[in-house]
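In the working numbering, the protein residues as written are 90 to 266. Cβ coordinates follow ideal geometry from the N, Cα and C atoms, glycine included. This structure is a prediction, so every number in the text was calculated from the model and none was measured. Shown next, in structure tokens, is the structure this report addresses.
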Ligand SMILES: *[C@@H]1O[C@H](CO)[C@@H](O)[C@H](O)[C@H]1NC(C)=O
């Protein structure tokens, strides 16, 4: 008897949370199959223990924006604390790195304002802020392409950031419907 209770009370909420993540990831990956891979989406939410307890898409939105913002912060600090201190970068690369650092630190404000707008039901502002934040990945990458033969030291980071941000944007679109 007591074992059944344990199973019901422990397993059911877990199964429910897992379904919320998988259902949501299924929905948004179907809506944008090119940019959102179902497996990456599930893995992304799996990296945050709060996902297991989430009981609504709103909570997944908080988690997604948080993960996107954390990535933005971590890229900014990699640029400022590591890359800009590395003497191997020439003036062109340094200037590109500074541009990226500015993009990503401004992006934090876009994400925060976008999330607040979304919660307040102001979808146009939410969409434009989150889209602006999303562009930082490709925009940073493009900064390095302005000089022939220049290799971006941030390709992997920009790509990871973009894929996290696209989940935040898709959830914004999902809530808008
Ligand atoms: C993400 O959430 C954690 C836990 O609530 C918080 O400490 C952290 O500051 C958040 N990160 C960002 C970038 O908002």
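> Among 148, 248 and 263, which has the Cα closest to the Cα of residue 161?
Replying inline: 248
>> Checking 8 Å against the spacing of the C-beta atoms, do residue 263 and residue 116 come in under that value?
In response: yes
> Nearest to residue 217 by CA position, among 134, 156, 109 and 258, is which residue?
Replying inline: 258
> Distance, Cα to Cα, residue 167 vs residue 142?
Replying inline: 31 Å
> Where do the N-terminal and C-terminal ends of the alpha helix (DSSP H) with residue 248 fall, by residue?
Replying inline: 244-265
> Looking at C-beta atoms only, is the number of pairs between the region 188-195 and the region 215-232 that lie closer than 8 Å three or more?
Replying inline: yes
> Residue range of the alpha helix (DSSP H) that residue 208 falls in?
Replying inline: 180-208
> Where residue 183 and residue 235 are concerned, what is the direct C-alpha to C-alpha distance, given to the nearest angstrom?
Replying inline: 13 Å
> Which of helix, strand or coil does DSSP assign to residue 121?
Replying inline: coil
> What residue range is occupied by the uninterrupted alpha helix (DSSP H) comprising residue 155?
Replying inline: 146-166
> Around ligand 1, what residues have a beta-carbon under 5 Å from a heavy atom of it, in chain order?
Replying inline: 155, 158 and 159
>> Measuring only the C-alpha atoms, how far is residue 199 from residue 232?
In response: 20 Å
>> I'd like the list of long-range same chain contacts for residue 239, defined as Cβ closer than 7 Å, with 5 residues on each side in sequence excluded.
In response: 181, 182 and 233
>> Please classify residue 123 as buried or exposed, where buried requires at least 16 neighbouring CB atoms within 10 angstroms.
In response: exposed
>> Could you compute how far the alpha carbon of residue 205 sits from the alpha carbon of residue 237?
In response: 40 Å
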